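See structure below.
Dropping the structure here:
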């Protein structure tokens with residue numbers, strides 16, 4: 001009897017710890033490949049690393065790396081050259097300021113407000129207005145955007161174009177049209193090419209002198225124009241390449257969401273005489289909103305890490321015009337400025353986290369209002 005009781009207790013113990021035993025290998029791998037590098041890079045962002053004969057010297061310098069990036073010698077590289085906003089810039093900033101204050105006051109007067117929620121919203125409002133001021137001060141004739149603003153342009157302009165084009169193609173190929181299967185496959189091809197391949201292809205296409213489109217550029221009077229020597233031309237080339245490559249990702253996911261939606265509400269709306277726009281606005285869009293949220297969030301996180309296209313297509317130039325934050329960190333690492341590279345990476349991580357959480361919260365509230 002004692003032996004049976006001991007075996008029963010052992011079996012119960014094995015059942016209790018079996019789940020943990022199978023989870024621990026994954027936890028250890030996560031700790032080794034994710035958490036440990038995060039902790040080490042956090043320490044390096046507060047240190048100055050020097051490579052000397054026989055080893056590496058690591059000196060703790062506190063916030064010196066962050067001060068150099070935000071207020072010191074690297075400020076123009078990261079934040080850009082600020083100039084007085086244009087009249088249109090002032091109007092845009094004042095409109096954003098008024099809208100932000102209105103939303104904060106509206107939340108402060110609501111019955112569901114909390115102290116933590118008000119503090120977090122105020123902090124995000126300050127960050128948002130700071131980025132807005134940076135945008136209107138650098139994206140003008142006299143200013144020059146830094147790697148932070150260039151990254152934001154890549155992310156939000158690129159994602160907006162990718163989503164709108166992908167949604168349009170998905171709505172088009174969801175119709176019963178001849179040849180739609182062929183176009184579904186053809187639209188997927190750009191995503192199969194590596195970013196480096198896309199960069200080299202667009203580098204060749206943008207060559208107005210010897211590229212395959214050289215006769216077209218010359219016929220349009222752009223034979224003497226160089227995409228890579230003009231700051232906004234180079235940024236446009238990087239942006240177009242990124243849009244061309246990642247629109248198929250938006251397209252295929254949105255197509256699956258559109259074809260997976262319930263057909264009964266659409267059929268009832270058609271019987272009631274609803275137009276195609278009304279069906280899309282009130283039926284299709286709310287049904288694909290959860291998928292769209294996840295899709296945009298995934299692309300947002302990935303787009304912040306863009307490095308291949310600007311590195312290969314323009315080498316970050318002219319000057320630093322097309323450098324993203326990731327490329328900025330890579331160049332700092334390549335010049336053995338390990339502390340600044342880690343600091344840029346952590347600034348990027350904070351920016352991505354704040355923007356992603358704010359986007360999810362905003363969409364969640366909008367979804368609740370629609371439902």
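In the UniProt record's numbering, the protein residues as written are 1 to 371. Note that the Cβ used here is the ideal one computed from N, Cα and C, for glycine as well. The structure displayed is predicted, hence computed values, not measured ones.
Of the listed residues the options, nearest to residue i (C-alpha basis)
i	options	result
residue 56	211, 121, 339	339
residue 281	115, 111, 171	171
residue 298	353, 317, 342, 334	353
residue 66	42, 85, 86	42
residue 99	126, 120, 343	126
residue 85	110, 140, 128, 37	140
residue 153	300, 334, 96	300
residue 124	104, 111, 109	104
residue 63	44, 81, 80	44
residue 74	29, 343, 365, 22	343
Neighbour-count burial assignment, residue i, 16 or more Cβ in a 10 Å radius
i	result
residue 220	exposed
residue 227	buried
residue 355	buried
residue 259	exposed
residue 87	exposed
residue 151	buried
residue 273	exposed
residue 345	buried
residue 114	exposed
residue 72	exposed
residue 159	buried
residue 76	exposed
residue 264	exposed
residue 15	exposed
residue 35	exposed
residue 179	exposed
residue 54	exposed
residue 26	exposed
residue 331	buried
residue 38	exposed
residue 177	exposed
Cβ pair residue i, residue j closer than 7 Å
i	j	result
residue 238	residue 310	yes
residue 234	residue 138	no
residue 143	residue 83	yes
residue 279	residue 269	yes
residue 148	residue 78	yes
residue 175	residue 243	no
residue 358	residue 341	no
residue 321	residue 231	yes
residue 307	residue 285	no
residue 291	residue 241	no
residue 155	residue 303	yes
Proximal residues to residue i (C-beta, below 8 Å), its chain only, five neighbours per side dropped
i	result
residue 363	289, 293
residue 193	201, 245
residue 61	46, 47, 48, 339
residue 212	204, 205
residue 225	208, 217, 233
residue 287	257, 261, 262
residue 107	113, 117, 118, 121
residue 96	128, 129, 132
residue 222	208
residue 236	227
Chain-order list of residues whose beta-carbon lies under 7 Å from that of residue i (same chain, five-residue window excluded)
i	result
residue 187	169, 248, 251
residue 183	173
residue 133	93
residue 336	51
residue 229	318
residue 283	265, 266, 269
Neighbourhood of residue i by C-beta distance below 6 Å, restricted to the same chain and skipping five residues each side
i	result
residue 379	The chain is shown from 1 up to 371; residue 379 falls before or after that span and cannot be answered.
residue 295	253
residue 348	325
residue 165	247
residue 90	none
residue 8	none
residue 351	none
residue 58	47, 49
residue 411	Any question about residue 411 goes unanswered here, given that the chain covers just 1 to 371.
Any alpha helix (DSSP H) of 4 or more consecutive residues that is wholly inside the region 115–193:
The region 115–193 is shown to contain whole alpha helix (DSSP H) runs of 4 or more residues at 115–138, 147–173, 180–188, in chain order.
Ignoring anything shorter than 3 residues or poking outside the region 291–350, list the beta strand (DSSP E) runs there in chain order.
Complete beta strand (DSSP E) runs here, min 3: none at all.
Can you give, in chain order, each stretch of the alpha helix (DSSP H) that sits fully within the region 198–283 and has at least 4 residues?
Those alpha helix (DSSP H) runs which fall completely within the region 198–283 and span 4+ residues are 214–219, 231–259, 264–271, 276–279.
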